[in-house]
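Engineer:
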Amino acid sequence: MKIGVPKEIKRQEYRVAVTPDGVGELRSHGHEVYVEQGAGSGCSIGDTLYEDCGAVILASHEEVFARADMIYKVKEPLPEECGLLRQGQILFSFLHLAADPGLTEVLLEKGVSAIAFETIQLEDGHLPLLVPMSEIAGRLSVQEGAKYLEKGFGGRGILLGGIPGLPRGNVVIIGGGTVGMNAATIAVGMGARVTIMDIDKARLQFLDNRFGPSADTLYATKGNIRRCIETADLVIGAVLIPGATAPTIIRRQDLKSMREGTVIVDVAVDQGGCVETSHPTYHDDPVFLVDGIAHYCVANMPGVVPITSTWGLANATLPYALKIAGLGMEGAMMDSSIARGINVHQGHITHPALALSLGLPCRKIP
Ligand SMILES: NC(=O)c1ccc[n+]([C@@H]2O[C@H](COP(=O)([O-])OP(=O)(O)OC[C@H]3O[C@@H](n4cnc5c(N)ncnc54)[C@H](O)[C@@H]3O)[C@@H](O)[C@H]2O)c1
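Going by the working numbering, the sequence shown runs without a break in its numbering and finishes at 359.
Structure, rendered in structure tokens:
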């Protein structure tokens, strides 16, 4: 198969989908790999490193899209890239379509087969391509939250770890999956008081065993959430229903009960956000205020640590890219994990949670 790896054009997105070793693997399975000039520059991978592993370097975005049977990239296509997609082409990347009806419509019209990293799912519910990015986003969420709690950035001016004789900062994490657990690991490590909330009893049990007395676990009922956010310094939104729009956990009226300068990091903003007042932001202007509460809502958080995130992502996606390229679209969809990753195919939505979120019909892949 001919595989195209474009340079990412989203603002402050420094990742690239494939490493030189990944190119070598794809080549050793007989595939042709076209990499856009400079695609790896954000994470210090020069064109010659790709060439040495067998890639053909192409000068333009347009050429990569025109030559490839499968576009293998990191983030969802932006409007200028959508025009380059064509019928029957495979698009393999993060997509987050439940939060983007406009892009969904374009992909349906174009007749592409869009396989979303974030909905490739094993039988046991595990999301192997989302996990490494959620690990990074979870860890970053506390790092960024601590920064925006500083007075100079408009925060409450509290040190998360406190000092002897003074209270620690209070971190409330809503959603105790991969993001939530990684956020808790860093927050506990910084010496904060940590509460992790979830609706899944088994997950709360797991987290309780893992963190012991260094973090509290709590059912994510409306009342518990309301009480917890009133005294929080940092709130991390980390809920997910795979493929669907994020549920709204914190409403605008809830902000009034929170203390001025509290920071919310809504990691779930890529799925629409779990805070009513969230909207996506970028790394160069990541925070906005609503009723005195700082909202950090960057939808591509790992993009800013590309040395970690490019390799983390590429290690996870490559086995699936190899499978899709080796079997072709019709063969790959026989793999149930990949089938769950397919969001749009031949002009139809094929993921039930996406269809439900957008109120559109679903033609499920058998
Ligand atoms: N902003 C970014 O750059 C970035 C990067 C990576 C991941 N994410 C996003 O972070 C979110 C979390 O990802 P994850 O990998 O941790 O997912 P996950 O599936 O591992 O965990 C989600 C958790 O949310 C819980 N949950 C679901 N509904 C809930 C509710 N109503 N109340 C409380 N808990 C609820 C689930 O039980 C689960 O434990 C996703 O939206 C993901 O796309 C964003």
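Just so it is clear, CB atoms sit at the ideal spot from N, CA and C, and this is done for glycine as well.
Taking all protein chains shown into account, decide if R79 is buried (16 or more other Cβ within 10 angstroms of its Cβ) or exposed.
Structural biologist: exposed
Engineer: Going straight from the alpha carbon of M126 to that of A261, what length do you get?
Structural biologist: 12 Å
Engineer: Classify R186: buried if its beta carbon has 16 or more other beta carbons within 10 angstroms, exposed otherwise.
Structural biologist: Label assigned to R186: buried.
Engineer: Taking only heavy atoms of ligand 2 into account, decide whether any of them is closer than 8 Å to the Cβ of D209.
Structural biologist: In the structure on display, ligand 2 does not appear, and the ligands it does have are ligand 1.
Engineer: Please look up how many angstroms separate the CB atoms of K68 and S86, rounded, as I've assumed it's under 8 Å.
Structural biologist: 6 Å
Engineer: Distance check for A91 and P273, CA to CA, integer angstroms please.
Structural biologist: 14 Å
Engineer: I'd like the ranges of any alpha helix (DSSP H) spanning at least 4 consecutive residues and lying wholly in the region 112 to 167.
Structural biologist: 124 to 141
Engineer: So, under 8 Å CB-CB, G138 and L84 are touching, yes? Tell me the CB distance rounded to an integer number of Å.
Structural biologist: At roughly 33 Å, the Cβ-Cβ gap does not stay under 8 Å, so G138 and L84 are not in contact.
Engineer: Helix, strand or coil: how does DSSP classify D226 here?
Structural biologist: coil
Engineer: State the DSSP-derived secondary structure class of I342, mapped to helix, strand or coil.
Structural biologist: strand
Engineer: Does at least one heavy atom of ligand 1 sit under 8 Å from the Cβ of N202?
Structural biologist: no
Engineer: Which residue's Cα is closest to the Cα of I342: D328, M327, I358, I331?
Structural biologist: I358
Engineer: Just the C-alpha distance for N336 and A237, rounded to the nearest angstrom, thanks.
Structural biologist: For N336 and A237, the distance between alpha carbons rounds to 11 Å.
Engineer: Per DSSP, what kind of secondary structure is K316 in: helix, strand or coil?
Structural biologist: helix
Engineer: For I300, is the classification buried or exposed, using 16 other Cβ atoms within 10 angstroms of its Cβ as the cut-off for buried?
Structural biologist: exposed
Engineer: Just to confirm the assignment, what range does the beta strand (DSSP E) spanning I(-4) have?
Structural biologist: -5 to -2
Engineer: Taking the beta strand (DSSP E) that I179 belongs to, which residues open and close that run?
Structural biologist: Here I179 belongs to no beta strand (DSSP E); instead the alpha helix (DSSP H) covers 171 to 182.
Engineer: With a threshold of 16 other CB atoms inside 10 Å of the CB of L200, please say whether the residue is buried or exposed.
Structural biologist: buried
Engineer: Residues in the same chain with beta-carbon distance under 6 Å from I192, minus the five sequence neighbours each way, listed in chain order, please.
Structural biologist: A213
Engineer: How long is the line joining the alpha carbons of P235 and G162, rounded to whole angstroms?
Structural biologist: When rounded, the separation of the alpha-carbon atoms in P235 and G162 is 31 Å.
Engineer: Tell me which residues share the same chain as A10 and place their Cβ nearer than 6 Å to its Cβ, disregarding the 5 neighbours each side in the sequence.
Structural biologist: V(-2), Y65, K66, V67
Engineer: Beta strand (DSSP E) containing V283: first to last residue?
Structural biologist: 280 to 283
Engineer: Is the separation between the beta-carbon of I243 and that of V280 shorter than 9 Å?
Structural biologist: no
Engineer: Is there contact here, the region 103 to 114 with the region 26 to 37, by at least three beta-carbon pairs under 8 Å?
Structural biologist: With a cut-off of 8 Å, the region 26 to 37 and the region 103 to 114 do not count as touching, because too few Cβ pairs lie within range.
Engineer: Quick one: what does DSSP say L197 is sitting in, helix, strand or coil?
Structural biologist: helix
Engineer: Among A225, R333, E55, M294, which residue has its Cα nearest to the Cα of L153?
Structural biologist: A225
Engineer: Would the beta-carbon of P240 be found less than 8 Å away from any heavy atom of ligand 1?
Structural biologist: Yes - ligand 1 has a heavy atom lying nearer than 8 Å to the Cβ of P240.
Engineer: Comparing the CB of I192 with every heavy atom of ligand 1, is any distance shorter than 8 Å?
Structural biologist: yes
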